[in-house]
Amino acid sequence: MKILVIGCGSIGRRHLGNLKRLGEEDLLAMDPTPERLERAREEFEAKGFSNLEEALEQKPDAALVCSPNSMHAQQAMDCLAAGCHCFVEKPLSHTMGHVAALVQEAEKRGLVNMVGSNFKFHPIFIKMKEIFDSGVLGKITSARCQFGQYLPDWHPYEDFRNGYSARSDLGGGVLLDSHELGYMAWFLGGALDVFCFSDKISSLDIQTEDTAEVLIRFASGAMAEVHLDYTQRAYQRTYEFFGEKGTMTWDFNQGKIRLFLAVENSWREYPQPKDYDINLMYVEQMRHFISCIKTGSPAATDFREGKRILQIILAAKRSSLEGRIARPMEETGS
2 MKILVIGCGS IGRRHLGNLK RLGEEDLLAM DPTPERLERA REEFEAKGFS
52 NLEEALEQKP DAALVCSPNS MHAQQAMDCL AAGCHCFVEK PLSHTMGHVA
102 ALVQEAEKRG LVNMVGSNFK FHPIFIKMKE IFDSGVLGKI TSARCQFGQY
152 LPDWHPYEDF RNGYSARSDL GGGVLLDSHE LGYMAWFLGG ALDVFCFSDK
202 ISSLDIQTED TAEVLIRFAS GAMAEVHLDY TQRAYQRTYE FFGEKGTMTW
252 DFNQGKIRLF LAVENSWREY PQPKDYDINL MYVEQMRHFI SCIKTGSPAA
302 TDFREGKRIL QIILAAKRSS LEGRIARPME ETGS
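In my numbering, each number is its position in the sequence shown, counted from 1, plus 1.
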């Protein structure tokens, strides 16, 4: 299979390496930055191109869009028009403009379409979803999660001020950058109402919001709190789910699920595999994408689901900007 990776930054290089690991040898790479392109050629033996049009002339079977957020929708549309199955790193876009057309194009052409959701392939997340869906927690009343990490520590080998996270023109900011709103919807279902405070609070030299507090009310009646930031000096990622019959928590740093069931009046623990390599969830995500292409199966997070996640994110941004409760379904774009 001929696979094109668009954008050879950190995540693009990770995917190139994992595709090689999965036995994919016919790799193409596109990046306008000569240094990044040369590195992709040297490390992964990928055939390099400096613009997307030339790369698509090679007729790849599939494409991975790993560019800054503001470029996702147009590049994905170009790939679909060229007949490529398409994987887009989250989020699907930074605005709703053209997203509906993107979803329709993918479905009309019958092409596999997927938005990055790597934690769905982490063994702990798989176990959490299994426990959640089993119903042992009873009716879920509320949930809470947080993600925080100091932005300059994400990629210490490059100036964070030049990265997409720091730049509004590239669709950055902690709301668009995080996975958490999407994963909350994966567990809790459709979101009805969103209220958010977000701002650039720290002294970081960036153009985007570095902190957000989001409240979500879901169609099930459950409520969730989501905290996001670029400022915590110690990496934090935690999830908590509260039901009428029990509580489930996960702390990334501790590497285990804790489950309390009222009927037992005690805690159980489910540790992740010993010495788990975090890259494995990316490998399994890519294995899933390739399998979907070969079998015609739907992807774990398709463009339609990516659109719903983006509506939640943009509702949070609108809420913060306008100081009111916003409804994700109001985010329709133009």
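Built from N, CA and C at the ideal position, the CB exists for glycine as well.
Would a C-beta distance cut-off of 9 Å place residue i and residue j closer than the cut-off?
i: V100; j: K257; result: no
i: I313; j: V195; result: yes
i: M2; j: D32; result: no
i: G244; j: T142; result: yes
i: T209; j: R168; result: yes
i: V137; j: G247; result: yes
i: L152; j: L112; result: no
i: S71; j: G164; result: no
i: E36; j: G18; result: no
Please return the same chain residues whose Cβ sits closer than 7 Å to the Cβ of residue i, not counting the five positions on each side in sequence.
i: L304; result: First, the amino acid is wrong: residue 304 is Phe here, not Leu. Taken in chain order, the residues that qualify are L93, L103, V104, A107, N114, V116.
i: I7; result: M31, L53, A64, L65, V66, C67, S68, Q76
i: R218; result: L193, D194, M224
i: Q273; result: P124, I125, G256, K257
i: I12; result: C67, E90
Relative to the alpha-carbon of residue i, which residue among the options has its alpha-carbon at the smallest distance?
i: E332; options: L193, N280, F253; result: L193
i: H16; options: N119, M129, I217, N266; result: N119
i: E46; options: E55, T34, G24, F133; result: G24
i: I338; options: D211, L216, R288; result: Given a span of 2 to 335 for the chain in the structure shown, any question on residue 338 remains unanswerable.
i: D154; options: F261, T302, Q237, G324; result: Q237
i: E214; options: Y277, A316, W251; result: A316
i: T250; options: S11, I125, R22; result: I125
i: I83; options: D62, A74, K91; result: Note that residue 83 is Ala in the sequence shown here, rather than Ile. Checking every option, the nearest Cα to that of A83 belongs to D62.
i: Q59; options: Q233, R234, H95, I4; result: I4
i: R269; options: M129, I12, K91; result: M129
i: D211; options: E55, S51, S321, R145; result: S321
If I measure Cβ to Cβ from residue i and keep anything under 8 Å in the same chain, skipping five residues before and after, which residues do I get?
i: S335; result: Caution applies to S335, whose pLDDT of 43 falls short of 50 and renders its modelled position unreliable; the value that the coordinates give is listed next. Once the five neighbours on either side are set aside, the close Cβ partners of S335 are M97, G98.
i: R328; result: L193, D194, V195, A316
So that I know if they touch, is there some Cβ in chain B lying closer than 9 Å to that of residue i?
i: T34; result: Within the model displayed, chain B is absent; a lone protein chain is all it includes.
Give every residue of the same chain whose Cβ lies closer than 6 Å to the Cβ of residue i, excluding the five residues on either side of it in the sequence, and list them in chain order.
i: Q286; result: N119, F122
i: F148; result: S179, E181, L229, R238
i: F253; result: R238
i: G10; result: none
i: Y277; result: none
i: I80; result: A small fix is needed here, since residue 80 is Cys in this sequence, not Ile. Excluding positions up to five away in sequence, the list reads A64, C87.
Taking the beta carbon of residue i as the centre, do at least 16 other beta carbons fall within 10 Å, making it buried, or is it exposed?
i: R14; result: buried
i: V284; result: buried
i: G191; result: exposed
i: V89; result: buried
i: L311; result: buried
i: A235; result: exposed
i: D134; result: exposed
i: Y158; result: exposed
Below 8 Å, is the gap between the Cβ of residue i and the nearest heavy atom of the ligand GDP?
i: A220; result: Within the structure as shown, the ligand GDP is missing, as the structure has no ligands at all.
Check your understanding: Would you call the stretch 221-235 and the stretch 198-206 touching, i.e. three or more CB-CB distances under 8 Å?
Key -> yes
Point to revise | Meets three-Cβ-pair contact criterion under 8 Å: the stretch 178-186 and the stretch 290-297 | key: no
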